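Trainee:
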Amino acid sequence: MSETNNPPQEETRPRDRQELYDRIRRTSREQFILEDMMRLGFWPKNENAPSVPEQIIKRETELNQEIRAVLTEQRRVDNPEKLLKEMRKQRMAESRKKREENKQRRELERKERAERWRQRKEKEILYLGQSVSGGLQNATSDAAKLTAAKLPVFADAPALATAMGITVGELRFLSFSREVSKTSHYRRFHIAKKSGGQRLISAPMPRLKKAQHWILDNILAHTSTHNAAHGFLAERSIVSNAKPHVGAAVVINLDLKDFFPTVTYPRVKGMFQKIGYSEAVATPLALLCGHHQPALPPPRLPFARLGRQARLHLHALRRRPHLLGFRPRHQAD
2 MSETNNPPQE
12 ETRPRDRQEL
22 YDRIRRTSRE
32 QFILEDMMRL
42 GFWPKNENAP
52 SVPEQIIKRE
62 TELNQEIRAV
72 LTEQRRVDNP
82 EKLLKEMRKQ
92 RMAESRKKRE
102 ENKQRRELER
112 KERAERWRQR
122 KEKEILYLGQ
132 SVSGGLQNAT
142 SDAAKLTAAK
152 LPVFADAPAL
162 ATAMGITVGE
172 LRFLSFSREV
182 SKTSHYRRFH
192 IAKKSGGQRL
202 ISAPMPRLKK
212 AQHWILDNIL
222 AHTSTHNAAH
232 GFLAERSIVS
242 NAKPHVGAAV
252 VINLDLKDFF
262 PTVTYPRVKG
272 MFQKIGYSEA
282 VATPLALLCG
292 HHQPALPPPR
302 LPFARLGRQA
312 RLHLHALRRR
322 PHLLGFRPRH
332 QAD
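Numbered according to our numbering, the sequence shown spans residues 2 to 334.
(1) Cutting at 6 Å between CB atoms, please list the residues of its own chain near Asp157, excluding the five before and the five after it.
(2) Is it a yes or a no for the stretch 152 to 166 touching the stretch 272 to 288, going by three-plus beta-carbon pairs under 8 Å?
(3) Is the distance from the Cβ of Ala212 to the Cβ of Leu289 below 8 Å?
(4) Go ahead and label His186 buried or exposed: buried means 16 or more other beta carbons lie within 10 angstroms of its beta carbon, across all protein chains shown.
(5) Are the CB atoms of Arg189 and Met206 nearer to each other than 8 Å?
(6) What number of angstroms, rounded off, separates the C-alpha of Thr168 from the C-alpha of Ala149?
(7) How about Ala62 and Gln32: are their beta carbons less than 8 Å apart?
(8) I'd like to check one pair, Gly130 with Ser178: are the Cβ atoms closer than 8 Å?
(9) Given a cut-off of 8 Å on the beta-carbon distance, is the pair His231 and Asn242 in contact?
(10) Determine the closest residue to Gly271 out of Thr263, Ala287, Asp256, with distance taken between C-alpha atoms.
(11) Here's the rule: buried if 16 or more other CB atoms are within 10 angstroms of the residue's CB, otherwise exposed. What is Thr13?
(12) Below 8 Å on the Cβ atoms is my guess for Asn65 versus Ser29; work out the distance and round it to an integer in Å.
(13) With C-beta atoms as the reference, is Lys146 less than 8 Å away from Gly277?
(14) Does any CB atom of chain E fall closer than 8 Å to the CB of Thr284?
(15) Measure the beta-carbon distance from Ile126 to Arg89 and round it to whole angstroms, keeping in mind my assumption that it falls under 8 Å.
(16) According to the neighbour-count rule (16 or more other Cβ atoms, all chains shown, within 10 Å of its Cβ), is Glu36 buried or exposed?
(17) Here's a check: name, in chain order, each residue in its chain whose Cβ is nearer than 8 Å to the Cβ of Glu171, leaving out the five neighbours to either side.
(18) Is it right to say Leu221 is buried, meaning 16 or more other beta carbons lie within 10 angstroms of its own, or is it exposed?
(19) Here's the rule I'm using: 16 or more other beta-carbon atoms within 10 Å means buried, otherwise exposed. How should His246 be labelled?
(20) Enumerate in chain order the residues of its own chain whose CB-to-CB distance from Gln199 is below 6 Å, with the five nearest sequence positions on each side excluded.
(21) Which of the three DSSP states is assigned to Arg14 in this structure?
(22) Check Phe261 in the structure and name its three-state DSSP category.
(23) If you compare alpha carbons, which of Glu116, Leu175, Thr224 is closest to Gly153?
(24) Please classify Phe43 as buried or exposed, where buried requires at least 16 neighbouring CB atoms within 10 angstroms.
(25) Assign Leu255 to one of two classes, buried (16 or more other C-beta atoms within 10 Å of its C-beta) or exposed (fewer than that).
(26) Determine the closest residue to Ala1 out of Ile216, Lys244, Asp218, with distance taken between C-alpha atoms.
(27) Quick one: grab the DSSP three-state call for His223.
(28) Shortest alpha-carbon distance to Pro262 belongs to which of Val240, Gly291, Leu234, Ile216?
(29) If we count the other Cβ atoms within 10 Å of its Cβ and call it buried at 16 or more, is Tyr22 buried or exposed?
(30) For a quick check, are the C-beta atoms of Val78 and Leu72 less than 8 Å apart?
Encoded structure:
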C-alpha cells in the first residue's frame with residue numbers, strides 16, 4: 002500500500018475483562034491481537050515503517066469502524082421517532098446546560114456587584130436616608146473661605162470621618178437619618194418643669210456625644226456668633242446676658258415657645274454650607290447635630306373629628322424634628 006501509517010502505540014495489558022472488551026470494541030479483534038503479540042514479543046516491531054500485514058489489519062480496523070458508524074447513523078435515520086426523541090433530548094440537555102451556565106454567571110455577577118458595593122461603602126457615603134441623600138455627590142467645598150475662617154477643610158465625608166478619628170461606616174451609622182433609622186442614639190426621658198408639666202430631655206449616647214463634642218471644638222467654636230447670643234458660648238452665661246441691663250428701669254424677659262423644633266435640619270445644613278462646606282460634608286454634620294422625634298401616638302378622638310387648628314397643630318408636631326443646640330448638653334423642647 003502506498004500510504005504510510007504510524008506504528009500502533011504499545012498498550013499495557015488490560016486490567017480486567019471489561020477493559021479487554023472495551024479495547025476490542027474500540028478497534029477490532031485482529032488489531033488487538035496484533036498489538037498484544039507485539040507487546041509480548043511474538044511479532045516484530047517495525048518502528049520505521051509498518052509491515053504489509055500490519056497495514057492491512059490496521060486499515061481493516063479503520064474501515065470496520067467507519068462501517069459501524071454509517072450503520073448506526075442509518076438506523077437513526079430509519080427510525081424518525083427515535084431520531085426526534087434523541088434530538089429533543091439533546092436540545093433539552095443543551096438548554097439545561099445553558100440555564101445552569103446563565104445561573105452561575107448571574108450569581109457571579111451578583112457577588113461581584115455586592116463586593117464592589119461593599120468596597121464603595123467602606124470608602125464613600127452614598128445614602129443617609131430618604132430626603133437627605135440628594136446632595137451627597139456634591140463634594141466641592143469652598144477651601145478658600147474655610148481657610149480664611151481657620152476652619153478645617155474636608156473634601157468629602159470620608160475625609161471628615163478620618164479627621165474625627167472614626168471609620169466611614171461609623172460616620173454613616175451615627176449620622177443616618179433618624180426618621181428611617183431603626184437605631185436611636187439618644188436616651189429620652191422627662192423631668193418636671195418648675196412651672197408645672199413635663200420637659201422632654203434627649204441625651205446623646207456616648208459615641209454620638211463624642212462626635213458632637215468634636216464638631217463643637219473643631220468647627221462651631223471657631224465660627225462667629227451674634228453679639229446678643231449668650232447661650233452655649235464659652236465665657237458667656239446668664240450673667241453676661243444680664244449685665245447690659247443692670248440699672249435699667251424696666252427689663253422684659255421673654256421665652257420663645259417651642260424654640261428648638263424650629264431649628265430644623267435644613268437650617269442646620271444650610272449653616273454648614275454657608276461657612277463653606279460642601280453638601281456632602283454638611284449633610285452628615287447636620288444629621289449628627291439633629292434629632293428627629295418619633296411620631297406621636299394617635300389621638301383618642303378620630304382625626305377627622307378634630308378642629309382644623311388642632312389637626313394642623315398635630316400634623317406639625319408629628320413632622321417637625323427636635324434639633325439639639327450646638328453644644329451637646331441635655332436640651333428640651
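Don't be surprised by glycine CBs; every beta carbon is placed ideally from N, CA and C. Nothing here was measured: the structure is a model prediction, and the numbers come from that model.
Mentor: Straight from the coordinates:
(1) Here residue 157 is taken as the residue at index 156 of the sequence shown, counted from 1. Counting only Cβ-Cβ distances below 6 Å, and skipping sequence neighbours, we find Ala140, Ala281.
(2) yes
(3) Counting from 1 along the sequence shown, the entry for residue 212 is found at position 211. Counting from 1 along the sequence shown, the entry for residue 289 is found at position 288. Yes; because the gap between Cβ atoms is below 8 Å, this pair is in contact.
(4) As a first step, residue 186 is located in the sequence shown; it is residue number 185 there, counting from the start. With 16 or more Cβ atoms within 10 Å of its Cβ, His186 is classed as buried.
(5) Residue mapping note: residue 189 aligns to position 188 of the sequence shown, counting from 1. Residue mapping note: residue 206 aligns to position 205 of the sequence shown, counting from 1. Result no, Cβ atoms of Arg189 and Met206 do not sit closer than 8 Å.
(6) As a first step, residue 168 is located in the sequence shown; it is residue number 167 there, counting from the start. As a first step, residue 149 is located in the sequence shown; it is residue number 148 there, counting from the start. So the alpha carbons of these two residues sit roughly 28 Å apart.
(7) Here residue 62 refers to the residue found at position 61 when the sequence shown is read from its first residue. Here residue 32 refers to the residue found at position 31 when the sequence shown is read from its first residue. The question names Ala, but residue 62 in the sequence shown is Thr. A contact, by the Cβ cut-off of 8 Å.
(8) Position 177 of the sequence shown, counted from the first residue, corresponds to residue 178. Position 129 of the sequence shown, counted from the first residue, corresponds to residue 130. Yes, the Cβ-Cβ distance between Ser178 and Gly130 is below 8 Å.
(9) Along the sequence shown, read from residue 1 onward, the residue named residue 231 stands at position 230. Along the sequence shown, read from residue 1 onward, the residue named residue 242 stands at position 241. In contact: His231 and Asn242 (Cβ atoms closer than 8 Å).
(10) Position 270 of the sequence shown holds residue 271. If we check each option's Cα against that of Gly271, Ala287 comes out closest.
(11) Translated into positions along the sequence shown, residue 13 becomes position 12. Classification for Thr13: exposed.
(12) Taking the sequence shown and counting its residues from 1, one reaches residue 65 at position 64. Taking the sequence shown and counting its residues from 1, one reaches residue 29 at position 28. That belief holds up - the Cβ atoms of Asn65 and Ser29 are roughly 6 Å apart, short of 8 Å.
(13) Here the question's residue 146 lines up with position 145 in the sequence shown. Here the question's residue 277 lines up with position 276 in the sequence shown. For Lys146 and Gly277, yes; Cβs fall inside 8 Å.
(14) The chain labelled as chain E is not found in the depicted structure, where only one protein chain is given.
(15) Reading the sequence shown from its first residue, position 125 is the one you call residue 126. Reading the sequence shown from its first residue, position 88 is the one you call residue 89. Not confirmed; about 55 Å, so no contact.
(16) For the purposes of this step, residue 36 is taken as the residue at position 35 of the sequence shown. Classification for Glu36: buried.
(17) Numbered from 1 along the sequence shown, position 170 holds the residue referred to as residue 171. Once the five neighbours on either side are set aside, the close Cβ partners of Glu171 are Ala162, Arg208.
(18) The count along the sequence shown starts at 1 and reaches residue 221 at position 220. So Leu221 ends up on the buried side.
(19) Taking the sequence shown and counting its residues from 1, the one referred to as residue 246 is at position 245. The residue is exposed, with fewer than 16 neighbouring Cβ atoms inside 10 Å.
(20) As a working note, residue 199 is residue 198 in the sequence shown. Around Gln199: His191.
(21) Within the sequence shown, residue 14 is the residue found at index 13, counting from 1. Three-state DSSP puts Arg14 in coil, outside helix and strand.
(22) Against the sequence shown, residue 261 aligns to sequence position 260. It is helical.
(23) Within the sequence shown, residue 153 is the residue found at index 152, counting from 1. The identity of residue 153 in the sequence shown is Pro, whereas the question assumes Gly. Looking at the Cα atoms, Thr224 is the closest of the given residues.
(24) For this step, residue 43 is matched to residue 42 along the sequence shown. Burial call: exposed.
(25) The residue labelled residue 255 in the question sits at position 254 within the sequence shown. Exposed.
(26) Outside the shown range of the chain (2 to 334) lies residue 1, about which nothing can therefore be said.
(27) On the sequence shown, residue 223 is found 222 positions in, with the first residue counted as 1. Residue state, collapsed to three classes: helix.
(28) What you label residue 262 is simply residue 261 of the sequence shown in a count that begins at 1. Closest option to Pro262, Cα to Cα, is Gly291.
(29) Taking the sequence shown and counting its residues from 1, the one referred to as residue 22 is at position 21. Looking at its Cβ environment, which holds fewer than 16 other Cβ atoms inside 10 Å, Tyr22 is exposed.
(30) Along the sequence shown, read from residue 1 onward, the residue named residue 78 stands at position 77. Along the sequence shown, read from residue 1 onward, the residue named residue 72 stands at position 71. Contact flag unset, no.
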